[in-house]
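As structure tokens, the structure follows; a few thoughts come after it.
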Amino acid sequence: MQKIISLQGSKENSSLYAKAEAVVLFLCRECVDHIRSLSLPEEIFELIAWQAEKQGYGFTETGSVTSLLVKNEDGYQRVILSGIGAGKECTPGHFRIAAGNAVRELRKNKIKNAVIAAPILTNPQRGHYLKAVAEGLLLGSYEFNKYKSVCANKIENKTADENENKISNAAVRSENKFANSPEKISVTIFSAVANAKEILAEAEIICGAICHARDLANEPGNVMYPEALANAAAETAEKFAMEAEVLSAKEMQKLGMNAILAVGCGSAREPKLVTLRYANGGDKPLTAFVGKGITFDSGGISIKPSDGMGEMKDDMTGAAAVLGAMEAIAALKLPVNVIGIMACAENMPSGSAQRPGDIVRAACGKTIEVVNTDAEGRMALAEAVWYACRKGAAKVIDIATLTGAVIIALGEHTSGIIANDDALAEEIKKAGHRAGEEWWQLPLTEEAEEMIKSSCADVKNSAGRPAGAITGGVFIGNFVDKGIPWAHLDIGGTSTAKKTEGHIPEGCTAFGTATLIELARGL
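The sequence shown begins at 1 in this note's numbering and counts up by one.
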């Protein structure tokens, strides 16, 4: 995705500024008063002072992008001011947004060579801000245009061998090979952060994994079906030296996994249960990440309305997030023991499909009354979390585009948590905050347990609209072994974006991938 080079010495600053086609400055309201710390050419200082005097400080507002031209010795140079906000708004999250907006402005102006700077990056202790800038650039540059005939669709992967042990007030140059972009953009980030090279290399790995997850979830249903998703997981496992297991429908039948088989029985594509194992943590306990991989969800016999049904190709974003997280964990060589399980199926209506009113017995022995065939993801995950316990998981975290109810509860920018362990839920919230993803814990109530009880089976797969996000999670929790800490992550409102904003692209966001990666650091 990118080549990373670091350059030593403050003398390089003026020459690199002069050679760049564009200079991008990330500014909050307070930063304007400290802009002299950046050693910018005098004409840029004058331009910013003029902008503030004549136009006010609107260019520092969160999400704003102001594109200007300044005359220098060689002609004209573009200066892009990307706003961070004021006061408490000057956070890594706002830097991600600003960087995402800036990189699209560079592309819009067909810039091939740019320099990026911000007063806060002159502080050696602000490595997390540098990481946020790099992530914003990489994630904000993402586009899914694989099926547009004008795109070359080639991704170059290069690394740098330069020795960069002494980085003090140095310029960190990041040459980004933006996937599927008609132009390659070379970006230079000025930073005084001592371990800048390592931070940028790590950001590259994390963003590459997130973009891989986005690619998978953006694929159409005729391309991304259960076997194709299983093959993608197996390829990732081989590339990063992880163990892989793919259970066929016949093998799942032998294990009694009738719940996931019921979900997939209406499709010509048979379900798959994929397990990736990464073991680099010695005698540390095993943690399971479990993802919903419904590659297309028509709703089955309880069919969805036709409007918007095409978006249901992304109902496997939970599995994509798990695969992306496993990829990054292995690439970063984290000292942990993690398994990633993907419950893959296609939910279709046909003569062989499950019906409302059916009763199936899951592998754990519990019976499930199928009230609604569109409540299928929780049935597939019921088998997957049970299987995670069989694999020896001491902690289970599942992630799924499970409900629309979570959107009503939390909106489209915050995801929900249902957990039987408050400490685990708090770990997830903190990991998400550090990674730029927000979560909120919903209560696991006795009332919800009562709501999913069935009069003719052990549990029913839907309790209707009231507390829908909670009852969906509680259903899954019924299939986790007693005593094992468990959390359910509902990304039903955050997995897809309706428009591009900051570092979030229109289409699949792969929300949750970054949180799982960050969570793995603390295992």
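Where is the CB? At the ideal position from N, CA and C, for every residue including glycine.
Where residue i falls, given that 16 or more other Cβ within 10 Å makes a residue buried
i           : result
residue 69  : exposed
residue 128 : exposed
residue 55  : exposed
residue 455 : exposed
residue 508 : buried
residue 413 : exposed
residue 386 : buried
residue 41  : buried
residue 521 : exposed
residue 36  : exposed
residue 45  : exposed
residue 411 : exposed
residue 17  : buried
residue 423 : exposed
residue 519 : buried
Candidates the options: closest to residue i by CA position
i           : options               : result
residue 403 : 344, 53, 297 and 132  : 297
residue 279 : 334, 41 and 313       : 334
residue 73  : 105, 43 and 234       : 43
residue 531 : 396, 354 and 50       : In this structure the chain extends from 1 to 523, so residue 531 is not present and cannot be described.
residue 363 : 322, 95, 481 and 114  : 481
residue 445 : 110, 126, 34 and 473  : 473
residue 511 : 499, 493 and 500      : 493
residue 361 : 379, 375 and 500      : 379
residue 276 : 75, 220 and 337       : 337
residue 461 : 498, 262 and 198      : 262
residue 381 : 93, 207, 258 and 440  : 258
residue 291 : 483, 321 and 284      : 321
residue 484 : 429, 393, 423 and 465 : 393
residue 437 : 77, 389 and 210       : 210
residue 301 : 282, 308, 357 and 286 : 357
Extent of the continuous alpha helix (DSSP H) to which residue i belongs
i           : result
residue 490 : No alpha helix (DSSP H) holds residue 490; the beta strand (DSSP E) holding it covers 486 to 490.
residue 329 : 317 to 331
residue 432 : 422 to 435
residue 129 : 127 to 140
residue 253 : 249 to 254
residue 369 : Unbroken run through residue 369 is the beta strand (DSSP E), 367 to 369; no alpha helix (DSSP H).
residue 215 : 196 to 218
residue 569 : Because residue 569 is not part of the residues shown, which for the chain are 1 to 523, the question remains open.
residue 465 : Looking at the DSSP string, residue 465 is not in any alpha helix (DSSP H), and its letter there is neither H nor E.
residue 524 : Past the edges of the chain, shown from 1 to 523, lies residue 524, and the structure says nothing about it.
residue 519 : 513 to 521
Same chain, Cβ closer than 8 angstroms to residue i, neighbours up to 5 away in sequence not counted
i           : result
residue 459 : 366, 367, 368, 369, 452, 453, 475 and 478
residue 352 : 265 and 266
residue 234 : 244, 246 and 274
residue 112 : 21, 183, 184, 185 and 186
N- and C-terminal bounds of the beta strand (DSSP E) containing residue i
i           : result
residue 345 : 337 to 347
residue 297 : 287 to 297
residue 26  : 22 to 28
residue 190 : 185 to 191
residue 361 : 359 to 361
residue 77  : 75 to 85
residue 55  : Looking at the DSSP string, residue 55 is not in any beta strand (DSSP E); the run it does join, the alpha helix (DSSP H), is 42 to 55.
residue 416 : 414 to 419
residue 438 : 438 to 441
Spatial neighbours of residue i in its chain, beta-carbon cut-off 7 angstroms, leaving aside the 5 residues before and after
i           : result
residue 124 : 192, 193 and 194
residue 47  : 68, 70 and 79
residue 95  : 26, 84, 129, 132, 133 and 136
residue 496 : 311, 314, 507, 508 and 509
residue 215 : 144
Residue i at chain D interface by Cβ criterion, 7 angstroms
i           : result
residue 331 : Protein chain content of the structure displayed is limited to a single chain, and chain D is not contained in it.
Proximal residues to residue i (C-beta, below 6 angstroms), its chain only, five neighbours per side dropped
i           : result
residue 138 : 207
residue 299 : 374
residue 376 : 263 and 347
residue 359 : 367, 369 and 457
residue 92  : 128, 129 and 132
residue 120 : 126 and 129
residue 152 : Unreliable positioning characterises residue 152 in this predicted model, as indicated by a pLDDT of 44, which lies under 50. The coordinate reading is nonetheless provided below. Closer than 6 angstroms at Cβ, skipping near neighbours: no residue.
### Message
Contact between the segment 137 to 148 and the segment 63 to 80 is defined here as three or more beta-carbon pairs at a separation below 8 angstroms; is this criterion met?
### Response
No, the segment 137 to 148 is not in contact with the segment 63 to 80.
### Query
For the 8 angstroms Cβ check, are there 3 or more pairs between the segment 414 to 421 and the segment 475 to 495?
Contact annotation: the segment 414 to 421 touches the segment 475 to 495, with at least three C-beta pairs closer than 8 angstroms.
### Query
On the three-pair Cβ rule with 8 angstroms, is the segment 22 to 33 touching the segment 45 to 65?
They touch, by the three-pair rule.
### Query
Should the segment 465 to 478 be regarded as contacting the segment 389 to 407, the criterion being three or more beta carbon pairs within less than 8 angstroms?
Because the criterion of three Cβ pairs below 8 angstroms is met, the segment 465 to 478 and the segment 389 to 407 touch.
### Message
Using a Cβ distance threshold of 8 angstroms, determine whether the segment 288 to 297 contacts the segment 217 to 229, with at least three qualifying pairs required.
### Response
Flag = yes, the segment 288 to 297 and the segment 217 to 229 touch.
### Task
Determine, using beta-carbon pairs with one atom in the segment 185 to 204 and one in the segment 128 to 138, whether at least three such pairs fall under 8 angstroms.
The segment 185 to 204 makes contact with the segment 128 to 138; the number of CB pairs closer than 8 angstroms reaches 3 or more.
### Message
Assess contact between the segment 334 to 345 and the segment 265 to 274, defined as three or more Cβ pairs (one per stretch) separated by less than 8 angstroms. Is contact present?
### Response
Cβ pair count under 8 angstroms is three or more, so yes.
### Query
Taking three-plus beta-carbon pairs below 8 angstroms as touching, is the segment 97 to 117 in contact with the segment 14 to 23?
Touching, yes, given that three or more Cβ pairs across the two stretches are closer than 8 angstroms.
### Message
Below 8 angstroms, how does it come out for the segment 428 to 447 and the segment 514 to 521: are there three or more Cβ pairs, yes or no?
### Response
The segment 428 to 447, when compared against the segment 514 to 521, does touch it at the 8 angstroms Cβ threshold.
### Query
Touch check for the segment 498 to 506 and the segment 312 to 329: three-plus C-beta pairs under 8 angstroms?
No: the two stretches stay apart, fewer than three of their Cβ pairs being nearer than 8 angstroms.
### Task
Flag this pair as touching only if the segment 240 to 255 and the segment 322 to 338 have three or more C-beta atom pairs under 8 angstroms; answer yes or no.
They touch, by the three-pair rule.
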